[in-house]
Amino acid sequence: MGGITWTDVTLNTADIASYMGICVVALAVLWGFRKVIKLMNRS
Numbered sequence: 359m360g361g362i363t364w365t366d367v368t369l370n371t372a373d374i375a376s377y378m379g380i381c382v383v384a385l386a387v388l389w390g391f392r393k394v395i396k397l398m399n400r401s
């Protein structure tokens, strides 16, 4: 009984960084849309 081997587990940090970037941009876009809609409703 050996320890846990991590040979098959590969966690690509570049993929995580790109996904985080996409999430941040998506949240910024949603926030911007909400701001625009609020401004349109005022007028």
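If you want our numbering, it's the position in the sequence shown, counting the first as 1, plus 358. Heads up, the beta-carbon is just placed ideally off N, CA and C, and yes, glycines get one too.
Expressed to the nearest angstrom, what Euclidean distance is found between the alpha-carbon atoms of residue i and residue j?
i	j	result
residue 373	residue 382	14 Å
residue 361	residue 396	57 Å
residue 399	residue 389	15 Å
residue 393	residue 371	33 Å
residue 378	residue 385	11 Å
residue 391	residue 375	24 Å
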